[in-house]
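Read in order, the letters of the sequence shown are residues 1 to 194 in UniProt numbering.
All C-beta atoms in this analysis are idealised placements derived from N, C-alpha and C, irrespective of residue type, glycine included.
It should be emphasised that the depicted structure is a prediction, and the values quoted were computed from it without experimental measurement.
Each remark here refers to the structure printed beneath this line.
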Amino acid sequence: MSRSTIAAIVAAALLCVAGVAGATGAATPGAGQLAQTDDQSTSAATIDASATIDNETLVVTVTADDEPAENVSVSYDDRTVQTGADGTASFAVADDDEAEIEIETEGVEGELEYAVANGSLTLLEEEYEYDRDVDADDDDDAAEEADDAAEEADDEAEEDDDEEEDDEDDEEDDDDDDEEAEAEDDDEADEDDD
Numbered sequence: 001m002s003r004s005t006i007a008a009i010v011a012a013a014l015l016c017v018a019g020v021a022g023a024t025g026a027a028t029p030g031a032g033q034l035a036q037t038d039d040q041s042t043s044a045a046t047i048d049a050s051a052t053i054d055n056e057t058l059v060v061t062v063t064a065d066d067e068p069a070e071n072v073s074v075s076y077d078d079r080t081v082q083t084g085a086d087g088t089a090s091f092a093v094a095d096d097d098e099a100e101i102e103i104e105t106e107g108v109e110g111e112l113e114y115a116v117a118n119g120s121l122t123l124l125e126e127e128y129e130y131d132r133d134v135d136a137d138d139d140d141d142a143a144e145e146a147d148d149a150a151e152e153a154d155d156e157a158e159e160d161d162d163e164e165e166d167d168e169d170d171e172e173d174d175d176d177d178d179e180e181a182e183a184e185d186d187d188e189a190d191e192d193d194d
């Protein structure tokens, strides 16, 4: 194969890889960041809650991604209160030996169960359920498929590069063989002339 043929094959392979990457969005700067940014909604936040007793008052603190979570519904002893800007909700302590607290916000529900003894709380159970939006799952799947396609295109490009190197090595070997054959032909021609 001539060098111009190899160059044409390399150019075609690069165009194919660039086309696949462009079509999947893998070559778009920030495409991965965009997918991550879209996932920062309240429903995608990691919710955490804790409770303490202070002067006969049960104080529930709710955070979303380690920041105070405002407007979260907190239920305790048949009462429901919204958290304030500081992420807390307060209740008068009931005379029970257990405190069951429920929290609810967009896409997340949580349940905490504490044992109450001598004015302190001991966590018995903590559970959170996250509702994922079907569209968000589809977006995640599409982003994952795009990443897979980009990786596959990169792998194919590497294989093509390896094959081209092998072809170049074969051509060099062929050129060396041709030179040796020409040298032998020249030697035979010289012997015939003698």
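Quiz item: By DSSP, does D54 sit in helix, in strand, or in coil?
Solution: Strand.
Quiz item: What is the DSSP secondary structure of R79, counted as helix, strand or coil?
Solution: Three-state DSSP puts R79 in a strand.
Quiz item: Measuring CB to CB, does V116 end up less than 9 angstroms from S90?
Solution: With respect to S90, V116 sits apart: the two C-beta atoms are not nearer than 9 angstroms.
Quiz item: Is it true that the CB of A49 sits closer than 9 angstroms to the CB of G107?
Solution: Taking 9 angstroms as the Cβ cut-off, G107 and A49 do not qualify as a contacting pair.
Quiz item: If you draw a straight line from the alpha carbon of T122 to that of A146, how long is it in whole angstroms?
Solution: Looking at the backbone, the Cα of T122 and that of A146 are separated by about 47 angstroms.
Quiz item: Leaving out five residues before and five after E129 in sequence, what residues of the same chain have Cβ atoms less than 6 angstroms from its Cβ?
Solution: Contacts found: E109.
Quiz item: Taking the alpha-carbon positions, what's the D66 to D96 distance?
Solution: Rounded to the nearest angstrom, the gap between the Cα atoms of D66 and D96 is 30 angstroms.
Quiz item: Taking the alpha carbon of V93 as the point to measure from, which residue in D155, A12, T57 and E159 has its own alpha carbon closest?
Solution: Among D155, A12, T57 and E159, the Cα nearest to that of V93 is on T57.
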